[in-house]
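Notes to accompany the following structure.
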Amino acid sequence: MNREYLRWYSPRLDRDMELLVFGHAGAKVLVFPTRDGRFWEYEQIGIVASLADKLIGGHLQLYCIEGLARETFYSAHRHPAERIRRHKAFEEYILNEVLPLMAQKNAHECTIVHGCSLGAFQATSLVFRHPHLFRKLVAFSGRYDLTMTVESFADLFDGYYDDEIYFHTPTHFLPGLACDWRLEKLRQIEIVITIGDADPFIDNNRHLSRLLADKQIDHRLHVWGGRAHRAGAWRRMAPLYI
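Take the sequence shown: its position 121, counting from 1, is numbered 120 in numbering that gives the first Met the number 0, and each next residue is one higher.
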């Protein structure tokens, strides 16, 4: 299997950024790690291995990036307004540096975005804001409202709220979305959401599903038995849904 390590200085983030590429051809998959994960997380926890047949066969090519959780949403020393600004800069890095790299390396017309846990939020926020760039979204065990408190998962903005948080939070901006162009683009995307029925974010996932249905955006919500917010479940999900 092709494995390639890449690193460059990002002027938008003012730091070096690293990523791993797995596979040589096929649909391109932009992969966000979990909160504590790094760009090598998917290899470490066995998701890359679970997709080996598709990667070796030229059906998929993974681009596993850094998530920058400790510089954005989990950066407790920053003011909440600065956390979301840093995330916005991270989004600009993806749009203007990572996606062009993917297009340069692989001309396949399909780009998929995928993530687990916090990575699912990042993937969904990106796709919902820029739906014209993507063909498919696959989100595992996500929390789509970082202002809510569930179990040990706290409000990541400490009660602070502004327009940037609103427009980056899928379950906040989707109800008010009235742009026909953006809605039509969202309706063209294949959307797959998975969650365990004992997972802390099950209600939030069902709420997102209802919002999508209200906007006539086709999607699939797969509810697994038990607590699926773990690597073992994600390894089993990946070959089924990506």
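Think of the CB as a built atom: it goes at the ideal place given N, C-alpha and C, for glycine as much as any other residue.
For H113, the enclosing beta strand (DSSP E) stretches over residues T110 to C115. Counting only residues of its own chain and dropping the five nearest sequence neighbours on each side, S74 has a CB closer than 6 Å to the CB of R82. Straight through space, the alpha carbons of P199 and E91 are spaced by roughly 30 Å.
Rounded to the nearest angstrom, the gap between the Cα atoms of V97 and Y62 is 9 Å. Straight-line spacing of the CA atoms in I194 and R235 works out to 13 Å.
By the neighbour-count criterion, in which 16 or more other beta carbons inside 10 Å mark a residue as buried, P32 falls on the buried side.
Taking every protein chain shown into account, the CB of M101 has 16 or more other CB atoms within 10 angstroms, so this residue is buried. S124 is bridged by DSSP to nothing; it lacks a bridge partner. For D52, no beta strand (DSSP E) encloses it; the enclosing alpha helix (DSSP H) starts and ends at A51 to I55. By DSSP's assignment, C178 forms no beta bridge with any residue.
With a threshold of 16 other beta carbon atoms within 10 Å, Q103 falls short and is exposed. Here K27 carries a strand assignment [DSSP, helix/strand/coil]. Between the alpha carbons of Y165 and L173 lies a gap of roughly 10 Å.
DSSP links T193 through a beta bridge to F139 and H221. Beta-bridge annotation (DSSP): F152 is paired with V149. Sixteen is the threshold: when 16 or more other Cβ atoms of the shown chains lie within 10 Å of the Cβ of Q121, as they do, the residue is buried. Taking every protein chain shown into account, the CB of G158 has fewer than 16 other CB atoms within 10 angstroms, so this residue is exposed. In the displayed model, L100 falls within a helix according to three-state DSSP. Taking a C-beta distance under 9 Å as the contact criterion, E17 and E70 do not qualify as a contact pair. T168 and L145 have their alpha carbons spaced roughly 7 Å apart.
Secondary structure note for S74: it is in no beta strand (DSSP E), with a DSSP letter that is neither H nor E.
By the Cβ-count criterion, S151 is exposed, with fewer than 16 other Cβ atoms from all chains shown falling within 10 Å of its own Cβ. One thing to note: G36 has its Cβ no nearer than 9 Å to the Cβ of L54. In chain order, F89 place their CB closer than 6 Å to the CB of L67, counting only its own chain and leaving out the 5 sequence neighbours on each side. For H86, the CB contacts under 6 Å within the same chain, skipping 5 residues up- and downstream, are T71 in chain order. The count of Cβ pairs closer than 8 Å, one atom from the region 125 to 132 and one from the region 43 to 52, stays below three, leaving the stretches out of contact.
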